[in-house]
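> Letter by letter, the sequence shown follows residues 24 to 148 of my numbering.
Please find one structure pasted underneath; my questions will follow.
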Amino acid sequence: MHVQLTRATILDLLPGYLSGDASAETRTLVEAFAHTDPQVAKILAAGQQGLTELSAQPVPLGLEQQALTHARRRIRWQAWQLALAIVLTVAIGMLGWLGTFLAALFWVIYYRSRERLHELLFGQR
Numbered sequence: 024m025h026v027q028l029t030r031a032t033i034l035d036l037l038p039g040y041l042s043g044d045a046s047a048e049t050r051t052l053v054e055a056f057a058h059t060d061p062q063v064a065k066i067l068a069a070g071q072q073g074l075t076e077l078s079a080q081p082v083p084l085g086l087e088q089q090a091l092t093h094a095r096r097r098i099r100w101q102a103w104q105l106a107l108a109i110v111l112t113v114a115i116g117m118l119g120w121l122g123t124f125l126a127a128l129f130w131v132i133y134y135r136s137r138e139r140l141h142e143l144l145f146g147q148r
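Rendered as structure tokens:
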């Protein structure tokens, strides 16, 4: 049984071929098709050249240290933001309780002064 391979099928197999993840059979199929189709051969050559160029780029010295420093700075900043959020939440909560306390104190003072006024006007109860 002979299976007819199309250009689209081979193009679907190219990423696996270029990354080295393709099986030996797939590699053979792609290479055989590239010998018969110049467009696929051109794409295959460009892909291999691109991988060579990507792997040949040197990593700048100190890049890892810069990334680590940046990550630590971000973590420190996030810790400060979290601490500030907690402090503000507690402060707002305390203001809420303070408002409730002041309202209760106002009513206590109001009723006491009302009772005193009543005592002054009408005597003892």
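C-beta atoms are modelled at their ideal positions from N, C-alpha and C, and glycine is treated no differently.
Remember, predicted model here, so these are calculated numbers, not experimental data.
1. With distances taken between CB atoms, is the gap from L36 to A45 smaller than 8 Å?
2. Out of R137, Q72, Q101 and E138, point me to the one whose CA is closest to L42's CA.
3. Helix, strand or coil, according to DSSP, for G119 in the structure here?
4. Report buried or exposed for F145, applying the criterion of at least 16 other Cβ atoms within 10 angstroms of its Cβ.
5. Should Y134 be labelled buried (16 or more other beta-carbon atoms within 10 Å of its own) or exposed?
6. CA-CA distance, F124 and A108?
7. In its own chain, which residues sit with a C-beta less than 6 Å from the C-beta of A102, not counting the 5 before and 5 after it?
8. Go through its chain and collect everything with a Cβ distance to I66's Cβ below 8 Å, but skip five positions before and after it.
9. Report the rounded CA-to-CA distance for A31 versus A68, giving the unit in angstroms.
10. Consult DSSP for L41 and reduce its assignment to one of helix, strand or coil.
Looking at the coordinates:
1. Along the sequence shown, one-based indexing puts residue 36 at 13. Along the sequence shown, one-based indexing puts residue 45 at 22. A45 sits close to L36, with the two beta carbons spaced by under 8 Å.
2. Along the sequence shown, read from residue 1 onward, the residue named residue 42 stands at position 19. Before going on, a small fix: residue 42 reads as Ser here, not Leu. For S42, the nearest C-alpha among the options comes from Q72.
3. As a first step, residue 119 is located in the sequence shown; it is residue number 96 there, counting from the start. Of the three classes helix, strand and coil, the one that applies to G119 here is helix, per DSSP.
4. Residue 145 sits at position 122 when you count from the first residue of the sequence shown. The residue is exposed, with fewer than 16 neighbouring Cβ atoms inside 10 Å.
5. Here the question's residue 134 lines up with position 111 in the sequence shown. Around the beta-carbon of Y134, fewer than 16 other beta-carbon atoms lie within 10 Å, marking it exposed.
6. What you label residue 124 is simply residue 101 of the sequence shown in a count that begins at 1. What you label residue 108 is simply residue 85 of the sequence shown in a count that begins at 1. Cα to Cα, the separation comes out at about 24 Å.
7. On the sequence shown, residue 102 is found 79 positions in, with the first residue counted as 1. Excluding sequence neighbours, A102 sits near nothing in its chain.
8. Residue 66 sits at position 43 when you count from the first residue of the sequence shown. Once the five neighbours on either side are set aside, the close Cβ partners of I66 are L34 and L37.
9. Looking up residue 31 in the sequence shown gives position 8. Looking up residue 68 in the sequence shown gives position 45. Approximately 17 Å between the Cα atoms of the pair.
10. For the purposes of this step, residue 41 is identified with residue 18 of the sequence shown, where counting begins at 1. Note: L41 maps to helix in three-state DSSP.
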